[in-house]
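The structure under discussion appears below in the form of structure tokens.
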Amino acid sequence: MANMAAEQARSFFANKCDDISLVFPYFRAVRVLGLEYSADYGIWRHFRSLFHLRYLGLVGVNIKDLPKEVGDLKFLQTLDVKRTSISKLPDTVGMLTQLLCLHAYAAAPVGLIGKLTSLQELWIIKPSAAAYMHHDENADDMCFSEKDAGDMYSDEKNAARQFVKDLGRLRELRVLRTKIDVMDDSIARDLLESLDNLHKIRYLEILGILWGMNVTWTRTGFISPWHLRRLCLVCIEFSRLPAWINSSALPNLSFINVTVQVIQEQDMETLGMLPELYCLKLYSRYTNVVSIKHTGNGGYFQKLKSFKIVGSSVRFDLSCCDCSGGEIKSSFMPSLETFETDVHVRFLEDANMLGFDKLGLENLPSSLKRIIVVICCRDACDAEVEEAQAALEHAADIHPNNPTLKIDRYGEEIKRPL
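One point on numbering: in full-length UniProt numbering, the residue at position 416 of the sequence shown is 416, and numbering is uninterrupted.
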């Protein structure tokens, strides 16, 4: 009876189960197979009998290699091998032309991703790592080749360049989460050119080592991705905020994490008009003071809950609004719960703006729950640092919601002596 049930099964899930390999030969009609946080049951020996599979999930399974037989699963639409010991996907994954979703914390062979043009969701955290590795069949682990370091880095750059070009072929992509650890000017520009083709993208997250460059993301004929909800690009520094990040082009954008050389007041006004924005993380290379002014139109940062700005200081300025004080505070960032920033004491002292009494912390809404500040002590004396910290503590104490305040310091080893 158990065998008959297995033969008729369309879906099978197992989580932290004992050996179930005996039932695999009876899965003749199964479409969905999920094995999570379990041992390697030798499933690869049965791939040919599982050719009807549409979904294969091996999340957390103790498996080092995805066998090449995975290419026999011609109808597979989802392959999820997150949190395994797989270091590199086999070339045969490129044969899965009906694949809609690929989740893998593993390297992909050069050129593989460009073959999967039906993909709608791609999570691949190490797209080009191990491009210069080979596998010793007499050893248990991956080994580095004997190329010198320069050749290996060149191979890695070539693999990264091919990967970002391949992304431009995935025109059906809705979700992209990846990491690029090798970057230069040409790779960055190829990446942005490929992203220009992803008109259906909704979730865009590219991690990696920040590459500082004078780059803009605007070209003739560019169509902004209307459906974009999450934008996280920490691997590229923009010369300025991309012009297409505005409420007209991206009405659904709710999460932003970008780095720009200089943050302008106009940028804050533009970002404040995004109707769905709930989390904003801004990083800048150059330190300055950016004023966030209330426009008086009742639509400024209405849903923002978390705001982090690093590299520049913010002045919350409500003086230009004609509304009464109570009306202003109830409509200015009314949902904000977390504010995180750094305070460059020397810069603010020289700008004659030291202290949150001048930066307008008291203007933050009553919804505020926590403030996180890193004090930059570089080139400041002890008295100036203590004055800055005291001002922060006082501002938190008098705030009507009494938010928690966490303060850290860095650069104390290069403070200026009295």
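By construction, the Cβ of each residue, glycine as well, lies at the ideal position given by its N, Cα and C atoms. Bear in mind the structure is a predicted one, so any value in this text is a computation, not a measurement.
Inter-residue spacing [alpha-carbon to alpha-carbon] between residue i and residue j
i, j, result
"Pro225", "Ile256", "14 Å"
"Asp379", "Pro67", "58 Å"
"Asp196", "Gly168", "8 Å"
"Leu116", "Glu349", "55 Å"
"Ala108", "Arg240", "33 Å"
"Val70", "Ala188", "33 Å"
"Leu400", "Ser306", "Sequence check: residue 400 is Pro here, not Leu. The straight-line gap from Cα to Cα measures roughly 18 Å."
"Leu250", "Leu228", "7 Å"
"Ala106", "Asp267", "37 Å"
"Leu58", "Tyr37", "8 Å"
"Leu50", "Val110", "28 Å"
"Arg230", "Lys74", "32 Å"
"Val93", "Leu53", "14 Å"
"Val314", "Ala39", "52 Å"
"residue 464", "Phe12", "Residue coverage of the chain in this structure runs from 1 to 418, which leaves residue 464 outside it and unanswerable."
"Asp342", "Leu33", "48 Å"
"Arg102", "Phe301", "The sequence shown places Leu at residue 102, rather than the Arg named in the question. Spanning the two alpha carbons is a distance of roughly 35 Å."
"His394", "Pro365", "16 Å"
"Tyr55", "Lys82", "14 Å"
"Arg285", "Arg48", "54 Å"
"Asn246", "Asp185", "26 Å"
"Val374", "Glu265", "22 Å"
"Glu269", "Thr404", "27 Å"
"Ile43", "Trp244", "48 Å"
"Trp211", "Lys16", "41 Å"
Cβ neighbours of residue i in the same chain (closer than 7 Å, five flanking residues each side left out)
i, result
"Leu304", "Leu277, Tyr278, Leu280, Met333, Ser335 and Leu336"
"Leu99", "Leu76, Gln77, Leu79, Leu116, Ser118 and Leu119"
"Met4", "For Met4, the predicted model reports a pLDDT of 46, less than 50, meaning its position is unreliable and no value from the coordinates is stated."
"Asp317", "Ser291, Ile292, Lys293 and Gly360"
"Lys165", "Asp190 and Ser194"
"Ala351", "Val289"
"Tyr283", "Thr259, Val310 and Gly311"
"Ile63", "Asp40, Thr84, Ser85 and Ile86"
Selected residue, minimal CA-CA separation from residue i, among the options
i, options, result
"Leu368", "Leu253, Thr338, His227 and Glu386", "Thr338"
"Phe347", "Ala395, Arg174, Ala391 and Val289", "Val289"
"Ile113", "Arg171, Lys64 and Ser85", "Arg171"
"Ser312", "Lys406, Thr259, Leu233 and Thr92", "Thr259"
"Leu392", "Glu413, Arg370, Cys381 and Glu412", "Arg370"
"Asn402", "Ala29, Ile309, Val310 and Glu362", "Glu362"
"Ile263", "Ala249, Lys308 and Cys235", "Lys308"
"Arg45", "Val32, Asp72, Arg174 and Ala104", "Asp72"
"Tyr410", "Cys235, Val385 and Ala395", "Val385"
"Glu413", "Tyr203, Asp382 and Leu198", "Asp382"
"Pro242", "Ala395, Thr341, Arg31 and Leu192", "Leu192"
"Val182", "Ala390, Leu122, His199 and Gln162", "Gln162"
"Glu121", "Arg202, Leu89, Arg83 and Lys157", "Arg202"
"Thr287", "Phe47, Val310, Pro90 and Thr178", "Val310"
"Thr84", "Phe47, Lys126, Asp65 and Arg174", "Asp65"
"Gly209", "Lys179, Ser186 and Arg48", "According to the sequence displayed, residue 209 carries Ile and not Gly. Here the closest residue by C-alpha is Lys179."
"Lys358", "Ile375, Val374 and Ala388", "Ala388"
Near the ligand SAM: residue i beta-carbon under 6 Å from a heavy atom
i, result
"Gly111", "Only the bare structure without any ligand can be found here, which leaves the ligand SAM out of the picture."
Presumed contact (8 Å Cβ cut-off) between residue i and residue j, rounded CB distance
i, j, result
"Ala29", "Ala9", "7 Å"
"Val234", "Leu271", "Not really, about 17 Å apart at Cβ, beyond 8 Å."
"Lys157", "Arg174", "About 28 Å separates the two Cβ atoms, so there is no contact after all."
"Leu35", "Val61", "6 Å"
Cutoff 8 Å; reference residue i; Cβ partners in own chain excluding five residues on either side
i, result
"Cys377", "Val345, Val385, Arg409, Tyr410, Gly411, Glu412, Ile414 and Lys415"
"Asp397", "none"
"Ala390", "none"
Close-in-space but distant-in-sequence residues of the same chain around residue i (CB under 6 Å, 5 per side omitted)
i, result
"Leu204", "Leu176 and Leu231"
"Ile372", "Glu340 and Lys406"
"Leu274", "Ser247 and Leu253"
"Ile125", "Tyr105 and Lys179"
"Ala139", "Low per-residue confidence applies at Ala139: pLDDT is 42, beneath 50, and the placement is therefore not dependable enough to give any value."
"Leu198", "Leu173"
"Trp123", "His103 and Arg177"
"Asp91", "Pro109"
"Pro97", "A quick correction: the sequence has Thr, not Pro, at residue 97. Within the same chain, Thr97 has no close Cβ partners at all."
Notebook entry, point to check: What runs of the beta strand (DSSP E), each 3 residues or longer, lie entirely inside the UniProt domain "Disease resistance R13L4/SHOC-2-like LRR" (8-127)?
Noted result: Segments of the beta strand (DSSP E) lying fully in the UniProt domain "Disease resistance R13L4/SHOC-2-like LRR" (8-127): 11-15, 32-36, 55-57, 78-81, 101-104 and 121-124.
Margin query: Extract the residue ranges of the alpha helix (DSSP H) inside the stretch 175-217, only unbroken runs of 4 or more that lie entirely within it.
Written below: Listed in chain order, they are 185-195.
Check: Mind pulling the alpha helix (DSSP H) runs of 4 or more residues that sit fully within the stretch 226-299?
Finding: Segments of the alpha helix (DSSP H) lying fully in the stretch 226-299: 265-272.
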